[in-house]
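Visitor:
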């Protein structure tokens, strides 16, 4: 078979044309797809524009679409004039990407405020100058000294000599990207878990300009192409991953710090191995030993404050309901309360603990522990309980609570020892005190009488205000002679007490009626009522005998 040199030459030429055409179209098509993806991201960012980070990403997407589309068209061009036109299209958006990169970083890391707007505008001026100088480069050659078309073996590409402004723009680009990375690295110190993954994505995306410039300077990218548009594709793939996989621009990452730290309740997150994953400021206020350097480790230092709290976590995580927690069948629904003294004030604080499993695709991956400070609630309940039990003026038991307590003692009383004495006493001529010195003086006397009474009673004795100037005492462990001695000491204390009021000294006495507890009825209320009647009868007799004395009911 005869082979003609012309045919061989033609076939080689045809093969090159086909290869050039296929590769040229393939690369341009890839960049067109890249542009399409970027524009989709821009539309999505516009819909989410009220969320932090959406606006800068929208602007970056628009600027990058000019760059990507312009370079795609440049690869399809075969003459300097056409390439120059599409190169200018690229510079409509390319010079503004650096300052928008900073805008995105500040917005994402919550460092952006209104005062940053003038600074960003100033930072965007070099980009504006770059765009203007590129459009007019053939007049002054500050951007490009010259331009020509050269073949890379498959198709022709633009080759240009770099002007002085090109290098200044290079430094500006690197500086903006480095500052954006600095913002992300600072943010990395204050986040954990999935939020670290999101920051890592942003850092990697911000490193792309450095890698692209290094590749271009070293001539490592094939076919003499600009690596920038192709790295942009990888960059926006990272953005898409952040948005659709990690919800980068949704409320979770952008508002997590504000919401998490705003919660008044302490929140501690642990994994299945009881390692500390995260906590908020409120939790740190409760347990000052919680610090960020403990993340990833078991929160054992909390033991030094309240060891039962860590044991509770372990019991919950391992479903080991032991010790003081064995009564909880479901710790998620049954809160556990504990108290501890604050290190700085020594004041006792009370807390309620609740658990909530954290799940991913129905698989439990950790536990959120919410700690609610219920100290004020406890104090309020204590005050309400005290108000329901005590007389407001004197601090003694009120009538209702005294009766309930006395009935309780009577039901549990051991009558073998024949103990238990009820005392009823009344301030003598109390009306004269009110009429002479006023009701405020009368209130003061009631307080003084109450204080003197309590000083002569033991902790097991009960004392109450029965009504007006009438008081009642129950001595559950005293026999009648012992009770009479106690009451006599109280009577003498009243008799000798001189209470200053204005320019006078007010002195009062009291009359006392006593009765011993006998074999009670099966109804403790009936027993109590009977004792009150007996003591009242004795008290009436004491008043008949001249007051300021003690009388005992003898039946």
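In our numbering, the protein residues as written are 479 to 1033.
The beta-carbon is built from N, C-alpha and C at its ideal position, and this holds for glycine as well.
#1: Is it the case that the Cβ atoms of residue 990 and residue 902 are separated by a distance below 9 Å?
#2: Exposed or buried, residue 618, counting other C-beta atoms within 10 Å across all chains shown (16 or more means buried)?
#3: Over what stretch of residues does the beta strand (DSSP E) that includes residue 943 continue unbroken?
#4: On the DSSP letters alone, give me the boundaries of the alpha helix (DSSP H) that residue 996 sits inside.
#5: Alpha carbon to alpha carbon, how far is residue 726 from residue 633?
#6: Going residue by residue through the region 535-576, where are the continuous beta strand (DSSP E) segments of at least 3 residues, counting only ones entirely within it?
#7: Less than 9 Å separating the beta-carbons of residue 650 and residue 608?
#8: Secondary structure at residue 699, three-state DSSP: helix, strand or coil?
#9: Between which residues of its own chain and residue 825 is the CB-CB distance below 6 Å, once the five residues before and five after are set aside?
#10: To the nearest angstrom, how far is the alpha carbon of residue 771 from that of residue 696?
#11: Could you check how far apart the C-beta atoms of residue 1019 and residue 1012 are, in whole angstroms? I think they sit under 8 Å.
#12: Measure the alpha-carbon distance for residue 585 versus residue 716 and round it to whole angstroms.
#13: Taking Cβ positions, are residue 1010 and residue 908 nearer each other than 9 Å?
#14: Just to confirm my understanding: we take residue 623, look at its own chain, exclude 5 residues before and 5 after, and list those with CB closer than 8 Å. What are they?
#15: Ordered along the chain, which non-local residues of its own chain (more than five positions away) have a Cβ less than 8 Å from that of residue 524?
#16: Can you confirm whether the region 550-559 touches the region 595-613 when touching is taken to mean that 3 or more C-beta pairs between the two stretches lie within less than 8 Å?
#17: Is residue 1004 buried or exposed, if buried means 16 or more other CB atoms sit within 10 Å of its CB?
#18: Mind checking which residues open and close the beta strand (DSSP E) that includes residue 903?
#19: Using the beta-carbon count (16 or more within 10 Å), is residue 680 buried or exposed?
#20: Measure the alpha-carbon distance for residue 933 versus residue 960 and round it to whole angstroms.
#21: State buried or exposed for residue 713, treating a residue as buried only when at least 16 other CB atoms are found within 10 Å of its CB.
#22: Compare the beta carbon distance of residue 636 and residue 621 with 9 Å and say whether it is the shorter of the two.
#23: Could you tell me which residues DSSP puts in a beta bridge with residue 974?
#24: So if DSSP puts residue 819 in a beta bridge, which residue, or which two residues, is it bridged to?
#25: Kindly indicate the opening and closing residues of the beta strand (DSSP E) around residue 982.
#26: If you measure between the beta carbons of residue 544 and residue 568, is that distance less than 9 Å?
#27: For residue 742, name the three-state secondary structure that DSSP assigns.
#28: Please report how far the alpha carbon of residue 969 lies from the alpha carbon of residue 930, in whole angstroms.
#29: Using a threshold of 8 Å, is the CB atom of residue 908 nearer than that to any non-hydrogen atom of the ligand PLP?
#30: Less than 9 Å between the C-beta atoms of residue 949 and residue 943, yes or no?
#31: Residue 675 to residue 573, Cα distance in whole Å?
#32: Give a yes or no on contact between the region 746-760 and the region 841-850, applying the rule of three or more CB pairs nearer than 8 Å.
#33: Identify the residues that DSSP records as bridge partners of residue 850: which are they?
#34: Which residues bound the alpha helix (DSSP H) around residue 933?
#35: Look at the alpha carbon of residue 885 and the alpha carbon of residue 938, and state the distance between them as a whole number of angstroms.
#36: Counting only the same chain and skipping the five closest in sequence on each side, list residues whose C-beta sits under 7 Å from that of residue 972.
Guide: Short version:
#1: For this step, residue 990 is matched to residue 512 along the chain shown. For this step, residue 902 is matched to residue 424 along the chain shown. Yes, the pair counts as a contact, with Cβ atoms nearer than the cut-off.
#2: Translated into the one-based positions of the chain shown, residue 618 becomes position 140. When all chains shown are included, residue 618 counts as exposed.
#3: Here the question's residue 943 lines up with position 465 in the chain shown. Per DSSP, residue 943 belongs to the beta strand (DSSP E) from 940-945.
#4: In the chain shown, residue 996 corresponds to position 518, counting from 1. No alpha helix (DSSP H) holds residue 996; DSSP gives it neither H nor E.
#5: For this step, residue 726 is matched to residue 248 along the chain shown. For this step, residue 633 is matched to residue 155 along the chain shown. Note that residue 726 has pLDDT 47, beneath the 50 cutoff, so the model's placement of it is unreliable and no number is given.
#6: none
#7: If you number the chain shown from 1, residue 650 lands on position 172. If you number the chain shown from 1, residue 608 lands on position 130. Yes.
#8: For this step, residue 699 is matched to residue 221 along the chain shown. Coil, per DSSP.
#9: For the purposes of this step, residue 825 is taken as residue 347 along the chain shown, with counting starting at 1. The answer is none, since no qualifying residue turns up.
#10: Your numbering for residue 771 matches position 293 in the chain shown. Your numbering for residue 696 matches position 218 in the chain shown. Roughly 41 Å between the two C-alpha positions.
#11: Taking the first residue of the chain shown as 1, we reach residue 1019 at position 541. Taking the first residue of the chain shown as 1, we reach residue 1012 at position 534. Not confirmed; about 11 Å, so no contact.
#12: As a working note, residue 585 is residue 107 in the chain shown. As a working note, residue 716 is residue 238 in the chain shown. Going by the C-alpha atoms only, they are around 17 Å apart.
#13: Position 532 of the chain shown holds residue 1010. Position 430 of the chain shown holds residue 908. Result no, Cβ atoms of residue 1010 and residue 908 do not sit closer than 9 Å.
#14: For the purposes of this step, residue 623 is taken as residue 145 along the chain shown, with counting starting at 1. Hits under 8 Å: 638, 639, 640 and 641.
#15: Here residue 524 is taken as the residue at index 46 of the chain shown, counted from 1. For residue 524, where only same-chain residues beyond five positions count, the Cβ hits under 8 Å are 532 and 536.
#16: no
#17: Position 526 of the chain shown, counted from the start, is the residue given in the question as residue 1004. With fewer than 16 Cβ atoms within 10 Å of its Cβ, residue 1004 is classed as exposed.
#18: Taking the chain shown and counting its residues from 1, one reaches residue 903 at position 425. Unbroken beta strand (DSSP E) run through residue 903: 899-905.
#19: Position 202 of the chain shown, counted from the start, is the residue given in the question as residue 680. It counts as buried.
#20: Sequence index remark: in the chain shown, residue 933 carries index 455 (1-based). Sequence index remark: in the chain shown, residue 960 carries index 482 (1-based). Taking the straight line from one Cα to the other gives about 16 Å.
#21: Here the question's residue 713 lines up with position 235 in the chain shown. That one is buried.
#22: As a first step, residue 636 must be located in the chain shown, where it is residue number 158. As a first step, residue 621 must be located in the chain shown, where it is residue number 143. Not in contact: residue 636 and residue 621 (Cβ atoms no closer than 9 Å).
#23: Locating residue 974 in the chain shown gives position 496, counting from the first residue. Bridge partners of residue 974: none, in fact.
#24: Mapped onto the chain shown, residue 819 falls at position 341. According to DSSP, which records beta bridges pairwise, residue 819 is partnered with 826.
#25: Here residue 982 is taken as the residue at index 504 of the chain shown, counted from 1. Looking at the DSSP string, the run of the beta strand (DSSP E) that includes residue 982 is 982-984.
#26: Your numbering for residue 544 matches position 66 in the chain shown. Your numbering for residue 568 matches position 90 in the chain shown. Yes, these two residues count as a Cβ contact at 9 Å.
#27: Counting from 1 along the chain shown, the entry for residue 742 is found at position 264. Residue state, collapsed to three classes: coil.
#28: Mapped onto the chain shown, residue 969 falls at position 491. Mapped onto the chain shown, residue 930 falls at position 452. Answer to the nearest angstrom: the Cα atoms are 10 Å apart.
#29: The ligand PLP is not part of this structure, which contains no ligands at all.
#30: Residue mapping note: residue 949 aligns to position 471 of the chain shown, counting from 1. Residue mapping note: residue 943 aligns to position 465 of the chain shown, counting from 1. Yes, the Cβ-Cβ distance between residue 949 and residue 943 is below 9 Å.
#31: Here the question's residue 675 lines up with position 197 in the chain shown. Here the question's residue 573 lines up with position 95 in the chain shown. Residue 675 and residue 573: Cα-Cα distance of roughly 29 Å.
#32: yes
#33: Locating residue 850 in the chain shown gives position 372, counting from the first residue. DSSP, once it has assigned bridges, lists 830 as partnering residue 850.
#34: Locating residue 933 in the chain shown gives position 455, where the first residue counts as 1. 917-933 is the extent of the alpha helix (DSSP H) around residue 933.
#35: Here the question's residue 885 lines up with position 407 in the chain shown. Here the question's residue 938 lines up with position 460 in the chain shown. Spanning the two alpha carbons is a distance of roughly 14 Å.
#36: Taking the first residue of the chain shown as position 1, residue 972 is located at position 494. Only 927, 930, 986, 987 and 988 meet the Cβ criterion.
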